[in-house]
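Everything on this sheet refers to the single structure shown next.
Protein chains in written order, with this note's numbering: chain G, 10 to 311; chain P, 1041 to 1911.
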């Protein structure tokens, strides 16, 4: 339709993805988390240690070996490339879909990160951790995650630097693993199948996440050196499955302007799938670097 | 009657032969002396008196020659004369009497006036007596009169020949197409012949004592849906201006009769992807090219989503497009200028038209209220919002995307005074409104995505054009209101807001023409607008959020009122140094106060045109240009109050050559450099207070573009018009301190456009447009990295802008068929885009891991049918 036609075509083209992000069918790094996700320093000379874990899945790999290498860098690059000061953390093999290591940044490393990011004094320094997963047959994946190192707002160092008189803050924590109701009723009524409940193609099974905790409150500092808060965390849920796919339009994310109204339900589309077992993963993010995940198993019946 | 005297004529024309010793004039005045005097200046006959031819000789048919000896005094008078060779029959007396009345110039001997004697022969030759003039007979009474007008347009035909085949009677029509014949009673096969029209005949019966009154409608030999306006060529005062007339504007295939869209076929204009209506001119960004309507700045040229232009094509008189090097009369732009000129309503009679196609309907009407007062109106309204939903997918799994665009525009104009009057007044109102609502809903969505955008502008402009002799003045105040309202989401969670810009301006230009064709123009170009921002924004800009997260703070209401005052003054001197050399130095000064921040610009400009020959003109231009950044860029919270004006230096050099009266070629090279361009940094810097501050915008943007433009053009003739345009260019940009120049994302080295329209007769017209354009630069994606904080993949780009998208090529065709009726005409047009369905991807959509990509298709084979009528 004249010159409006391309717009319509463009919009129409946006609706037809084939390789759904929610479908796990080949080698994927699904999530990375740090324990803790954030460390607050300034009140004691002790430097923190972060324990890093990554969820690595390879459904079509038939048990092939997956090798990992962790790397950290004081600059903003997911692959820890193109800057100076990157350090190798650990190498090894993925066991039970998990790659893990500890990261204890040195003072020099922290200072380099602060130098690269002048705003880190107000908002915390983002320390990048990169994970490379390789296979013997040449496959390679790279993932990146930030851990946060904040300067305690109540510390003399912070007050001296900013002249702001603010109380100390609490470091962010990872969300607790929520309850994923797969066929069960919210009241916990069990369904047939035990740990691997059965679902059908139709009606499309709907899943629900039940939070296991209250969300944390936090306060942010604005560029004009005023504060905004307390703000309430919002959780984003990202859904994965090894059979079928979740609707690409049901993000499970928050609704703008209403932190309490968090859509937690989504629908699994199993049309065209063969009967059999499948796994579902839900990754929960708190929007401040905190992250966790939960796995449930299911079975598509005849 | 009396005869002409051949000898006398000989004396007058050939004085040298007079001599004392030879020829027919002999000197016999003094005896020889030791000093031999020399005739240094012979006498010349200054006063000839015709002799009376003897009656007797006339009666007998006699002729004769009388030889006379004439004594000429020192003062040239005839002192005496005697007949030395008579002819009798009264000839001698008559000749003697006449010769004595002759007068001569004094003869000179040895350099001093002196009396001389000459011999003179008077010839009497009979002439035939002219017949007595007949007394004019009184003309017979008018028996047959009427008007000759063109079929369809009702335009009076002047200069047509009207005759009765059976009589020797003919008449020519006057400016109103009127004629009168005075043929006697009886049959009369009226025959009307006019250039450009088919010969018309009709048998009439003239009756004694009666007057037959008729109106004949002549069929044009070539006609179409649109009228041809033929005007004298405007004197060019710019190095490069692409001007198009009404018929060209409405007929360009692929432009769907949209005049301003036709600019996209001009040299120097790059192709905008997705059919968007922005103009990419000589490497400048879309917002750097100014849009004007009758020299009043307007915020947009096209309706939303690449829709038609905001001016009804019927209202458009002509379109001037300056790809660069424009004069000081235009400001606030560092790219090019588009100035759409509207036309006054018809000075006689009334006319109108309507157009209907799949997208919109439009109507136009014009009328002459009196000899000096004319009015014209136009309006258009789209209904694509009613049709488009039927073509968009509605999948139960993916849901539906509802795109509801709607636009309308209007123009109204009143003119008082005629061309040539001392004072001419114009009042014009025009405006445009665009509304777009996009809603994605249904399917498996757990929420609805909604976007709405509403943009409109209105202008009320008055013109007072005064001229008196060499002086003239244009006084043109205007009022305006622009508004934009954009909303994302719905309810309390909606983001966005509105920006309202009330204001006005004034343009006054005083001009005086000097002797020799030079001209001085002194002008003021003021614009005073207030931008009232009232928007809801997420508080993301005020603190740093963790990557991948939304703002958890409620949206913030931002209200601003920014005054934008721009007082521009300009002066040009069109110095006609020789008839073929025109030198135009000019200067524009702008004093700007933008949101309380004073800025100033001094922009000198120079244009030279030199007609090397009648057909060839060399031309060149250099100039400096300034443009203020958008008001919000200077906001203390969201922008940088220290931003300076964006600037550009433009230069061009070229040659125009008229190959034939209808065919011309124009080759122009250009080099433009843009600097101090406001660019976003995305950086945080440590301020003097030792604390971090976001550095949102700085004047670090640099750009340059250079190339050659070719325009081979065939002007509108009876059957054909068209042009070939080709641009070879390179457009680059970089940030100050940011390394070497890199290609601009819009760089298109080769742009070839071929446009042609042919009238085949009998109402059929056929046109085509072919475009061949280099693909734009792109950065290859060589992989991706998973960002666990965002739960998404980030693309890994290869070398920046190191590859190009595929070459774009497309053929569009247009067929018009018109039918003429006595008082109106009807036309149907078929406009087919991408006739051979070339695959022209406008972009690519990658999968979520950046492993595979799918094409975002360009315009496919797309026919559009429309109807147009006019009277």
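Ideal Cβ positions, reconstructed from N, Cα and C, are used throughout, including at glycine.
The way I'd put it, the segment 303 to 311 of chain G does touch the segment 285 to 292 of chain G; three or more beta-carbon pairs between them come closer than 8 angstroms.
For residue 166 (chain G), no CB of chain P lies under 8 angstroms from its own CB, so it is not counted at the interface with that chain.
Under DSSP, residue 1080 (chain P) takes part in no beta bridge, so it has no partner. Contacts with chain G at 8 angstroms (Cβ-Cβ) do not include residue 1688 (chain P). If the five residues before and after residue 248 (chain G) are omitted, its C-beta is found closer than 6 angstroms to the C-beta atoms of 31, 255, 275 and 291, all from its own chain and listed in chain order. Secondary structure at residue 1555 (chain P): helix, using DSSP grouped into helix, strand and coil. With fewer than 16 other beta carbons inside 10 angstroms of its own, residue 281 (chain G) counts as exposed.
Residues of the segment 121 to 132 of chain G with a Cβ closer than 9 angstroms to any Cβ of chain P, in chain order: 126, 127, 128, 129, 130, 131 and 132. In the three-state scheme derived from DSSP, where H, G and I count as helix and E and B as strand, residue 100 (chain G) is classed as strand.
Per DSSP, residue 166 (chain G) lies in no beta strand (DSSP E) segment; the continuous alpha helix (DSSP H) that holds it begins and ends at 165 to 171. In this structure, the beta-carbon distance from residue 87 (chain G) to residue 1827 (chain P) falls below 8 angstroms. The closest CA to that of residue 1796 (chain P), considering only P:1228, P:1762, P:1817 and P:1787, is found on P:1762.
Collapsing the DSSP output to three states places residue 1114 (chain P) in coil.
Within the segment 63 to 146 of chain G, the complete beta strand (DSSP E) segments at least 3 residues long are 75 to 82, 96 to 102, 107 to 112 and 134 to 144, listed from N- to C-terminus. Residue contact check for residue 1589 (chain P) against chain G: a CB pair falls below 8 angstroms. Rounded to whole angstroms, the Cβ separation of residue 1865 (chain P) and residue 1193 (chain P) is 7 angstroms, and the two are in contact under 8 angstroms. For the set P:1139, P:1197, P:1711 and P:1470, the Cα lying nearest the Cα of residue 1188 (chain P) is the one of P:1197. Within 8 angstroms of the CB of residue 152 (chain G), the CB atoms of chain P belong to 1825, 1826, 1827 and 1828, in sequence order along the chain.
If you draw a straight line from the Cα of residue 1460 (chain P) to the Cα of residue 1909 (chain P), it is about 33 angstroms long.
Any Cβ of chain G closer than 8 angstroms to the Cβ of residue 1518 (chain P) would place that residue at the interface, and such an atom is absent. Burial check for residue 1846 (chain P): the Cβ neighbour count within 10 Å stays below 16, so the residue is exposed. With respect to residue 1382 (chain P), residue 1355 (chain P) sits close: the two C-beta atoms are nearer than 8 angstroms.
Interface with chain G (8 angstroms Cβ-Cβ cutoff): residue 1845 (chain P) is excluded.
The C-beta separation of residue 1325 (chain P) from residue 1312 (chain P) comes to about 11 angstroms, leaving the pair out of contact by the 8 angstroms criterion. Proximity of the segment 1553 to 1565 of chain P to the segment 1373 to 1380 of chain P falls short of the contact definition, fewer than three beta-carbon pairs being nearer than 8 angstroms.
Burial of residue 1851 (chain P) is indicated by the presence of at least 16 other C-beta atoms within 10 angstroms of its C-beta. If one requires a minimum length of 4 residues, no alpha helix (DSSP H) run lies completely within the segment 1574 to 1635 of chain P.
Using a Cβ distance threshold of 8 angstroms, residue 133 (chain G) and residue 242 (chain G) do not count as a contacting pair.
The DSSP-derived three-state label of residue 1425 (chain P) is helix. With a beta-carbon spacing of about 29 angstroms, residue 1215 (chain P) and residue 1247 (chain P) fall beyond the 8 angstroms limit used to define contacts. A straight-line Cα-Cα distance of about 49 angstroms links residue 1366 (chain P) and residue 1255 (chain P).
Against chain P, a Cβ distance below 7 angstroms from residue 77 (chain G) picks out nothing, because the smallest value is about 13 angstroms.
Taking a 10 Å sphere around the C-beta of residue 1211 (chain P), we find 16 or more other C-beta atoms and assign the residue as buried. No Cβ-Cβ contact shorter than 8 angstroms links residue 1213 (chain P) with residue 1229 (chain P). Rounded to whole angstroms, the gap between the alpha carbons of residue 1803 (chain P) and residue 1794 (chain P) is 23 angstroms. The C-alpha of residue 1163 (chain P) is placed about 16 angstroms away from the C-alpha of residue 1121 (chain P).
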